[in-house]
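Residue numbers (the working numbering): 31 to 385.
All C-beta atoms, glycine included, are put in the ideal place defined by N, C-alpha and C.
As the structure is a computational prediction, the values presented were derived from the model and not from experiment.
Notes for the one structure printed next.
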Ligand code: HEC
Ligand code: HEC
Ligand code: HEC
Ligand code: HEC
């Protein structure tokens, strides 16, 4: 955080979970500029951070305040952390009242999710720019609500939001904005790359990549259990990247990482699903059973129904067995979320994988 050199850092539930002692220590050690107008210390009843800062930029006075979501934090931030979160709307109103006395521009760092941010703009007059957070939503362009510009450039440092704001002496202000994907086209900062490498090494030590144990019996949830009867579908699946998802992690040297395994394996963490490479080597990559969930607890019901009857008709009786749950957009959204596939279009993506 301190290497990124932020002017102001808003606090939200995932920061607050660390507890007030840890955050205080980090703030002092690394000189972090936390701003929050609705996070209180339970013990003292006082605000934990500055409610706002005022910065002079090109001769303009810019006020920046922060608020976070009340209900969400109440569920996710237990009392032991020593924090209490109060109404963000009241806090935002209060900040705007104070800041408008002396500032030319007011920026709200608002961690309430995009829909609530838009609602907040309607309830609190006078905010020029809202930098919105939560849910990892990614708005590719700034969104206008009345005179306010709302921006939410994704999460986890994958995108950089850029807003160019012109303040004319009279009339309406002009805003140009975009998000820049921080992909391989933009070179890494050497110091940050070193930190990421250090972290990767730590993860590898904590979760070493085990070698797969030779299995005499494979799981019925594995693609190998389907190939004999569903040759055509299997062939098509082989040609999609779903069958290559594990190799992608290997190429990235991240196959040991449980965080990545979640979406690059089959039914990760669920009963009959992928657990660890050593235990479930036949459930790596995104296989048939990830999309085709049997209605029964096991796959045996389906397979036994047709055992000995030869090859399937390859789909002419599609859906006829009623052995599987329907596939919907939700099936895909588990992995193709806002963060990984911001451009997800169900019809278009489904067409690419249908056998
Ligand atoms: C012993 C043969 C056999 C095996 C093994 C088998 N199936 Fe099937 N499957 C069939 C037949 C026959 C049908 C009926 C439709 C058809 O004729 O194509 C069918 C239908 C389906 C359907 C279509 C939906 C439906 O309810 O009709 C899906 C999805 C399916 N199988 C998935 C799988 C998966 C996933 C596996 C591996 C875990 C698998 N099957 C293993 C024979 C088999
Ligand atoms: C368990 C996680 C997971 C689920 C569920 C999932 N996907 Fe994927 N999908 C991935 C991953 C991971 C990749 C990229 C693999 C790679 O590049 O190695 C991918 C890639 C794709 C691609 C690009 C494939 C290609 O060959 O060009 C399409 C299209 C796609 N998915 C569609 C879907 C659809 C439609 C659904 C739902 C019916 C779905 N996916 C469900 C994880 C998932
Ligand atoms: C929440 C699910 C999810 C998690 C967790 C996840 N991925 Fe993926 N990953 C996907 C999906 C979905 C795609 C396909 C993206 C697309 O093309 O739409 C993908 C694609 C990829 C790709 C190929 C496309 C690209 O962006 O270059 C790589 C590499 C990758 N993932 C690496 C990782 C690594 C490394 C991790 C762990 C740090 C990880 N993934 C964690 C879902 C996930
Ligand atoms: C990313 C999701 C996904 C994966 C992975 C997947 N399928 Fe499917 N499959 C679908 C969709 C979508 C359909 C279209 C029918 C539906 O909506 O149920 C389908 C249809 C089928 C059908 C019905 C006949 C047909 O061709 O339309 C069979 C059989 C089938 N799949 C077998 C398999 C087998 C075997 C595998 C693994 C080798 C597999 N599928 C992997 C999504 C998937």
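**Message:** Is any non-hydrogen atom of ligand 3 found closer than 7 Å to the C-beta of residue 279, if you look at the structure I gave you?
**Reply:** yes
**Alpha carbon of residue 104 to alpha carbon of residue 242, nearest angstrom** = The straight-line gap from Cα to Cα measures roughly 43 Å.
**Prompt:** For residue 50, is the beta carbon positioned less than 7 Å from some heavy atom of ligand 4?
**Reply:** A distance criterion of 7 Å places the beta-carbon of residue 50 beyond contact range of ligand 4, judged by its closest non-hydrogen atom.
**Prompt:** DSSP three-state call for residue 214: helix, strand or coil?
**Reply:** Residue 214 falls in the coil class under three-state DSSP.
**Prompt:** Would you call the region 98-116 and the region 60-75 touching, i.e. three or more CB-CB distances under 8 Å?
**Reply:** Contact holds between the region 98-116 and the region 60-75, because three or more Cβ pairs, one in each stretch, are under 8 Å apart.
**Message:** Can you tell me whether residue 276 is buried or exposed? The criterion is at least 16 other CB atoms within 10 Å of its CB, across all chains shown.
**Reply:** buried
**Item:** Environment of ligand 2 in chain order, Cβ to heavy atom below 6 Å
**Value:** 270, 271, 272, 274, 275, 278, 293, 294, 316, 320, 321, 357, 361, 362, 364, 365, 366, 379, 380, 382, 383
**Message:** Report the CB separation of residue 193 from residue 207 in whole angstroms; it is logged as a contact under 8 Å.
**Reply:** 4 Å
**Asked** At what residue ranges does the region 47-132 contain a whole run of the beta strand (DSSP E), taking only runs of 3 or more?
**Response** 69-71, 82-87, 90-98, 113-115
**Message:** Mapping the DSSP letters down to three states, classify residue 44 as helix, strand or coil.
**Reply:** helix
**Request:** Report the partner residues of residue 138 according to the DSSP bridge assignment.
**Result:** 95, 160
**Asked** Do residue 351 and residue 332 have their C-beta atoms within less than 8 Å of each other?
**Response** yes
**Message:** Any heavy atom of ligand 4 inside 7 Å of the beta-carbon of residue 332?
**Reply:** Residue 332: no, Cβ never under 7 Å from ligand 4.
**Message:** Let me check understanding here. Comparing Cα to Cα, which of 295, 73, 40, 79 lies closest to residue 58?
**Reply:** 79
**Asked** Do three or more CB pairs link the region 356-374 to the region 234-254 at distances below 8 Å?
**Response** no
**Request:** Assign residue 313 to one of three DSSP states: helix, strand, or coil.
**Result:** helix
**Message:** Is it buried or exposed, residue 219, if we count other Cβ atoms within 10 angstroms and call 16 or more buried?
**Reply:** exposed
**Request:** Could you pull out every residue in the same chain whose Cβ sits closer than 7 Å to the Cβ of residue 290, ignoring the five residues on either side in sequence?
**Result:** 279, 284
**Request:** Go through its chain and collect everything with a Cβ distance to residue 38's Cβ below 6 Å, but skip five positions before and after it.
**Result:** 63, 65, 83, 94
**Item:** Coil, strand or helix - residue 148 by DSSP
**Value:** In the structure shown, residue 148 sits in a helix (DSSP, three-state: H, G or I).
**Request:** Check whether the Cβ atoms of residue 210 and residue 190 sit closer than 8 Å, and answer yes or no.
**Result:** It is a contact, given that the beta carbons lie within the stated cut-off.
**Prompt:** Tell me which same chain residues have a C-beta within less than 8 Å of the C-beta of residue 132, skipping the five on either side of it?
**Reply:** 84, 91, 93
**Asked** My guess is that residue 252 and residue 315 are in contact by the Cβ rule of under 8 Å, so how many angstroms apart are they, rounded?
**Response** Not quite, the Cβ-Cβ distance comes to about 10 Å (not below 8 Å), so this is no contact.
**Asked** By DSSP, does residue 271 sit in helix, in strand, or in coil?
**Response** Residue 271 sits in a helix when the DSSP states are folded into three classes.
**Prompt:** So residue 126 packs on residue 159, CB below 8 Å; how close in whole Å?
**Reply:** About 12 Å separates the two Cβ atoms, so there is no contact after all.
**Message:** I need the straight-line Cα distance from residue 337 to residue 318, nearest angstrom please.
**Reply:** 18 Å
**Message:** Rounded to the nearest angstrom, what separates residue 137 and residue 161 at their Cα positions?
**Reply:** 7 Å
**Message:** I'd like the span of the beta strand (DSSP E) that includes residue 332, first residue to last.
**Reply:** Where residue 332 is concerned, there is no enclosing beta strand (DSSP E), although the alpha helix (DSSP H) it sits in stretches over 330-336.
**Prompt:** Looking at residue 311 and residue 245, is the spacing between their C-beta atoms short of 8 Å?
**Reply:** yes
**Request:** Grab the span of the alpha helix (DSSP H) containing residue 291 for me, first residue to last.
**Result:** 288-294
**Prompt:** So does residue 167 have its beta carbon nearer than 7 Å to some heavy atom of ligand 3?
**Reply:** no
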